[in-house]
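Same order as they appear, the protein sequences are chains A and B.
Numbering (this note's numbering) for the first sequence: 1 to 407.
Numbering (this note's numbering) for the second sequence: 408 to 795.
We put the beta carbon where it would ideally sit given N, CA and C, even for glycine.
Values in this document were obtained by computation on a predicted structure and should not be read as measured data.
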Amino acid sequence: MRQVRWAGWTTALAAALLIGGQTRVRADIASDKPAAVVVYPKVQVSGANGVDTTIRLANTNTTNPINVHCYYVNASSYCVGGTNPGENCTLSPTVCQGGGVCLPSWQETDFRIVLTAGQPIEWVASEGLSDNALPLPRGVCVRNPTRQCGSDADCNPFPGGTCTQSNAGTRIPPVPDDPFIGELRCIAIDAQGNPIPRNDLKGEGQVVTFPSDGVAVLDIAGYNAIGIQATGQSDGVANQLVLGPGRSGEYNGCPNYLIVNHFFDGAANPVPGTDATINTNLVLVPCSTDYLRQIPGLAVAQYLVFNEFEQRFSTSRAVRCYQDIQLSRIDTANSARSIWNVSVAGTLTGQTRINPIGVPSTNPPSIPSGLLGIAVETHTASARRKSAAFNIHMAGDRDAADVMIIP
Amino acid sequence: MRRQRGLVGLMGLAALVGWGVNARLAEARVTTEQSASILVFPKVLATASRDTVIQITNTSNNMRHAHCFYVDGSPVNPDLPVGPLNPPRWVETDFDIWLTRQQPTHWVVSTGRWDDPTDDSCRGAVCNPANSGGNNGTADCCDAGFDPGRIPPMGPNFTGELKCVEVDASGFPVPGNSLKGEATLVDRGNAFDVSKYNGIGLKGFDTNNMDGVLCLGGGVTGSCPSGAEYEACPQTWILDTPSVNAANPVLSTAELGSSTAVNLTVVPCSQNYETQEPTAVTLQFAITNEFEQTFSASTTITCWASYNLEEINPIFDVTAVGGNVLQTRVRAAAGTPRGIMAVVEETVTCTNCGPNVSARVAHNPHNSFADQSGQDVIVIPADQIQAP
């Protein structure tokens with residue numbers, strides 16, 4: 001009888017733990033918590049203008065190493081047609097000659113990283129990181145520390161010997177072009193390359209403008225990589241990452257609204273003793289992406305803009321693949337007449353709510369998508385220019401799931 | 408049969424307990440990207456060289472109110488570092504703001520914002536920063552928009568935090584989760600630099616009993632009869648930073664010399680605005696460099712602290728730690744189970760680019776999945792919980 005009572009308690013406790021533990025893997029899209037997928041929306045390189053990007057990536061798990069599969073997406077623009085097709089025209093569309101047009105591209109380059117327990121690494125986008133530049137390029141065999149190894153198998157002929165954790169297997173290439181503009185996305189994987197629900201990755205990106213051509217300016221815009229947390233569920237398709245809807249997918253769904261607090265373009269910095277004018281760039285990337293068939297995501301971003309008088313404006317614009325654009329260029333080419341211009345809005349600051357509407361398209365091929373993004377605020381005074389990037393707020397869950405398909 | 412019924416009841420009770428734990432765990436935690444009921448700006452400066460612009464927005468479709476507290480953590484003698492003979496002031500100044508639906512607002516900390524409906528619109532007018540906040544008695548486009556209330560100016564040596572608690576029209580704390588905000592730190596004059604971070608939010612729960620004791624996490628206690636009214640502060644903050652004096656990798660690639668300073672600003676989650684009794688927290692730092700080598704350090708803060716990392720411990724210097732990039736986990740020591748809020752600011756200086764070539768960047772550190780095990784409490788004086 002005592003045994004039965006004990007069994008009852010055990011069953012009850014097990015039930016409590018089972019029910020209580022069902023959602024212990026809490027999913028969220030956030031830039032302030034470790035995640036299984038991290039997205040760096042803005043990676044920029046321009047040797048001619050002294051611009052480069054520092055990428056930091058860390059494994060927050062202090063016990064286990066983690067494998068990561070990363071994808072650079074090149075959204076630089078290239079000439080199509082004309083006399084110099086294929087030439088990079090990111091900095092100036094007028095590069096394209098003979099009737100050629102400058103069109104944005106979308107091409108991914110992928111690579112793998114192995115991070116040891118608790119390890120942070122950083123690299124410069126124009127340089128990459130490999131070989132002896134890696135912090136721990138090789139491990140050593142535990143039973144024979146003089147023998148270098150990349151895996152336990154390398155420790156033969158010392159049966160049972162294990163290899164210490166290292167970055168063996170890591171080779172980070174430089175971004176595929178200069179100038180380069182695009183995003184970086186990294187996914188936690190297992191040793192076989194399958195995505196795994198380990199919410200252990202965090203990262204930061206810093207776009208650095210450094211002195212060049214005698215111009216002594218140093219400017220850094222830093223942001224946190226956006227983390228997409230895994231829920232622990234699986235759809236059984238290893239190369240298809242399902243984001244949402246809500247928290248019902250393999251990863252948490254993308255937000256229904258992005259909310260940006262910003263100065264209206266052309267606003268004066270209100271701090272006494274300053275003479276800067278403020279403009280803000282909005283960087284958006286689609287949540288959905290098909291790296292297998294090289295098909296980007298597409299969303300129509302619907303913008304609601306509120307000024308400090310509670311007055312509302314709205315506009316919309318499609319985002320395919322990548323968008324890095326000044327706010328007052330979203331709705332018009334004449335920024336002085338934009339709803340984001342300070343003289344049109346009438347107040348210094350505003351709130352913009354962005355609702356992405358996923359749109360399927362076959363020409364050019366695109367998949368419907370939600371959006372993620374950051375904002376970059378630039379303060380300009382005469383020849384001086386300083387900027388600050390910040391993560392934008394998110395609210396709600398999209399009705400539809402987003403999908404990332406990897407090769 | 409009776410025993411069986413008892414077992415079934417026991418299982419049901421256990422299931423409910425589990426569900427309750429589950430429901431609690433399923434709540435969102437401290438956030439820098441979602442609207443919340445308490446907003447914390449750990450680093451707010453209004454000094455001769457630096458100032459701060461605060462932006463706060465009501466993300467709801469109803470009018471919202473907030474009761475805000477500046478806490479001055481500057482030392483009594485601002486020319487000397489904080490020490491036993493030069494403690495922080497720990498002086499709070501509070502005020503109320505009202506925001507119409509979806510209304511954004513802003514103010515400069517050194518000037519505050521005058522409640523003046525005659526402010527010029529920015530259509531055809533330009534903000535003269537000298538007139539910000541109604542300085543010089545001049546209505547200006549700098550403050551165009553519905554003024555959120557009378558916001559007092561701070562300074563001239565203010566270094567501290569700003570905390571805003573969402574309240575109802577009567578002044579009682581409510582879990583509206585409608586506030587978001589950003590702080591922009593601005594260097595005046597020739598230094599001319601900006602850095603920006605998101606205000607840290609604590610979401611409120613429906614368990615809020617609307618009294619002056621705000622319970623952050625934890626269970627039912629004598630002072631918190633409803634249990635947790637807001638999210639708990641995180642157990643651990645995770646910082647990825649360069650080591651102190653490390654060269655910036657981009658500048659190194661461009662063959663330029665550089666060094667980095669890293670500043671960590673920390674405020675305790677628990678604060679008693681009634682007794683004005685500062686809270687002491689011992690912080691423990693677990694540091695891992697890129698070579699998987701680990702180190703540790705600790706320090707104690709009271710009220711508010713803004714440290715360059717080398718002031719905490721020389722181990723953060725690149726020559727001591729032996730790596731260029733660090734992952735640092737910061738948590739309150741077991742003896743002082745209090746949560747903290749934190750923000751990081753890096754300053755990179757080019758050492759061979761000419762005089763004063765530097766750049767700042769601020770960012771919100773990451774926080775862990777786990778909530779602070781203890782309960783933090785913010786106490787608001789009873790006479791402040793009333794209609795303004």
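- Taken in chain order, the complete beta strand (DSSP E) segments of 3 residues or longer contained in the region 259-326 of chain A are 277-286, 295-306, 312-320, 323-326.
- A653/B counts as buried, since no fewer than 16 other beta carbons sit within 10 angstroms of its beta carbon.
- Here A133/A is exposed: its Cβ has fewer than 16 other Cβ atoms, across all protein chains shown, within 10 Å.
- In the assembly as shown, F599/B is a buried residue. Its beta-carbon has 16 or more other beta-carbons within 10 Å.
- At a C-beta separation below 7 Å, L733/B has these neighbours in chain A: P120.
- Counting along the chain, the unbroken beta strand (DSSP E) around L690/B starts and ends at 687-696.
- In the three-state reduction of the DSSP assignment, A576/B falls in the coil class, being assigned neither a helical nor a strand state.
- In this structure, DSSP gives F390/A an extended state, which the three-state scheme calls strand.
- Listed as beta-bridge partners of E684/B by DSSP are N679/B.
- Classified as buried, A712/B has 16 or more neighbouring CB atoms from the shown chains inside 10 Å of its CB.
- Residue-level contact by beta carbon fails for V627/B and chain A, as no gap is shorter than 8 Å.
- Chain order gives the chain A residues near H770/B as E204, G222, Y223, N224, where near means a beta carbon separation below 8 Å.
- Each of Q678/B, F723/B, A687/B was checked against the Cα of T648/B, and the nearest Cα belongs to F723/B.
- Rounded to the nearest whole angstrom, the C-alpha separation of T695/B and Q734/B is 5 Å.
- The region 249-256 of chain A and the region 82-94 of chain A do not touch, with fewer than 3 CB-CB distances between them shorter than 8 Å.
- Going by beta carbons, A395/A and Y257/A fall inside the 8 Å limit.
- Cβ neighbours of Q240/A within its own chain (closer than 7 Å, five residues either side excluded): V403, I405.
- In the three-state DSSP reduction, D790/B falls in the helix class (H, G or I).
- Of the other Cβ atoms in all chains shown, 16 or more fall within 10 Å of the Cβ of R198/A; this residue is therefore buried.
- Following the DSSP letters along the chain, one finds V37/A inside the beta strand (DSSP E) bounded by residues 37-45.
- Residues of the same chain with a CB within less than 8 Å of the CB of N49/A, apart from the 5 flanking positions on each side, are L91, P179, T209, S212 in chain order.
- With at least 16 other beta carbons inside 10 angstroms of its own, Q510/B counts as buried.
- Sequence-distant partners of V620/B (beyond 5 residues in either direction) whose C-beta falls short of 7 Å from its own C-beta, in its chain, are S630, C631, V784, V786.
- For I645/B, the closest Cβ of chain A is nearer than 8 Å.
- Here F698/B is exposed, its C-beta having fewer than 16 other C-beta atoms within 10 Å.
- The beta-carbon of F306/A is placed less than 8 Å from the nearest beta-carbon of chain B.
- For the C-beta of D600/B, the chain A residues within less than 8 Å are, from N- to C-terminus, K386.
- Judged by DSSP secondary structure, V140/A falls within the beta strand (DSSP E) whose first and last residues are 139-141.
- The contact set of C529/B on chain A, defined by CB atoms closer than 8 Å, consists of F264, A267, V342, S343, A345, G346, T347, L348 in chain order.
- Taking a cut-off of 8 Å for Cβ pairs, the region 511-518 of chain B and the region 462-471 of chain B touch, as three or more such pairs fall below it.
- By the CB criterion at 8 Å, H262/A and T362/A fall outside the cutoff.
- Cβ-Cβ separation between S539/B and C548/B: approximately 10 Å, too far for a contact (criterion under 8 Å).
- For Y604/B, the neighbours in chain A by C-beta distance under 8 Å run, in chain order, F390.
- Within chain A, N261, Q351 have C-beta atoms less than 7 Å from the C-beta of T464/B, given in sequence order.
- Secondary structure at I645/B: strand, using DSSP grouped into helix, strand and coil.
- Distance between I792/B and V657/B, taken at the CA atoms: about 51 Å.
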